[in-house]
Amino acid sequence: MITAGILIRLIVAVQPSATIDMSTWVVVAETVVDGGDIYATGRVSWTAIWPLMLGALMHLSNLTGIYFYIFVRILLLLNDLILLFIIKAITEKLNYSYTDSLKAQLLYFLNPLTVIITIFHPQFGSIAFTALLGSYYLTISSSSRPNLLSSLLAALGTAVKQITLPALIAFTLYARSWKEMALLPLLTLFIFLFMLSPYYIYNPDLIETTVFGYMSRSGYFGFWGSVYEYFPGIFTELMQYKRMFVLIAFTTSALLAARAKSLGRSLPEAIQISLMGFLLLTPGWAIQYLYWLLPFGSIVKIGRKQMFLYSVFGSLAYLEYFYGDWYVNPQLFLPFVYLTIFWWLQEIFKTDP
């Protein structure tokens, strides 16, 4: 399995890339190497953790003559391997049977949607989820007392890509003490502000616009994409209040995680539910967000049929997005993706813990 997954990723890794994100990574990496302001490129809305990695990879590319995009994909391949081993370690710690553990690993590592988004696209959200899964592993491996390293990893994962905040909300709700409950958001805020402070001091207005004021392309996919497609006038009116809708999405994800805890659901189930709620409602939707439900979804036993269908429809939706018309074609498969998420969500809630 590991060999097959690596070979598939290597084949994809050496293919020339023309995705929007890869062109962004080139611009950002060159800016880092030249000592410029990454936020002035208009392509960065997160902390400098990933841009600094890209800068290091561009240095390697310049030194070796090997294409930059290959280094990016190899880094994300190595991250996928680490994530796979964490999934294996978690399932063993939770006393899964050999078959259930293997299914969890297969659902992630040989999942076409994983390969498409992490290697082909390539998106760095998988690095954030590796930290979050590592945090969960440390949580279940430690005693009942709070684990500082676990909290640090969860905070770091969210700081890498702040859109994973719904997962951090679930981590916070499941904290084993008030101290840990306070530590998680404080650590996240500290890392986030620490990484932003050099740029903020230099150009505060730019940071406020590109990071704190950032909204993704609003509603061209998913639920909001359907509104845009069939009711463009209503869509335009509603998007004047998109920040309110993002707040509603975050609030809903937090309420879903709290409900999951009250019903005795496990932390991975609560994280999965929280991410589903946000994914269903957020107007700041991008096609690579389909990856969100794969890491923790693979270790949740409930809804594996739904995860399989989600991966199939998600892969088709991505291919439609990349090879078809940018605004319309993704709507062909994304309604099926959303129906599957609703089904998956219902399956988790109705199944006894």
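All you need for our numbering is the position in the sequence shown, starting with 1, plus 491.
Each residue gets a CB set at the ideal place from its N, CA and C atoms; glycine is no exception.
Around the beta-carbon of L647, 16 or more other beta-carbon atoms lie within 10 Å, marking it buried.
By the 16-neighbour rule on beta-carbons within 10 angstroms, P786 is buried.
Per DSSP, the unbroken alpha helix (DSSP H) holding L643 starts and ends at L639 to V651. Counting along the chain, the unbroken alpha helix (DSSP H) around T494 starts and ends at I493 to A504. For G533, the secondary structure class from DSSP, reduced to helix, strand or coil, is coil. Annotation: the continuous alpha helix (DSSP H) that includes M686 extends over W669 to Y693.
Where D512 is concerned, the enclosing alpha helix (DSSP H) starts and stops at I511 to V524. Spanning the alpha carbons of P507 and I832 requires a straight line of approximately 33 Å.
Every unbroken stretch of the alpha helix (DSSP H) spanning 4 or more residues and falling wholly within the region 783 to 817 is given here in chain order: 786 to 790 and 795 to 814. For H550, the uninterrupted alpha helix (DSSP H) run begins and ends at I540 to T555, by DSSP. Contact between the region 606 to 624 and the region 738 to 752 is absent, with fewer than three C-beta pairs closer than 8 Å.
Of the residues assessed, A673 falls on the exposed side of the cut-off, its CB having fewer than 16 other CB atoms within 10 angstroms. Contact annotation: L567 and I511 have beta-carbon atoms that are not nearer than 8 Å.
The continuous alpha helix (DSSP H) containing S632 extends over residues G616 to S632. The beta-carbon separation of L639 and S626, rounded to 11 Å, does not stay under the 8 Å limit for a contact. The residues A645, T649, L675 and T679, in chain order, have a CB closer than 7 Å to that of L659 in the same chain once the five nearest residues on each side in sequence are set aside.
Put simply, the region 679 to 688 does not touch the region 753 to 769. Fewer than three CB pairs are less than 8 Å apart. For W834, the secondary structure class from DSSP, reduced to helix, strand or coil, is helix. Annotated as proximal: I529 and T522, with beta-carbon spacing under 8 Å.
Ranked by Cα distance from P603, the first of I499, A777 and T842 is I499. For S765, the three-state secondary structure derived from DSSP is helix.
In this structure, I561 and A504 form a Cβ contact; the two beta carbons are roughly 6 Å apart against a cut-off of 8 Å.
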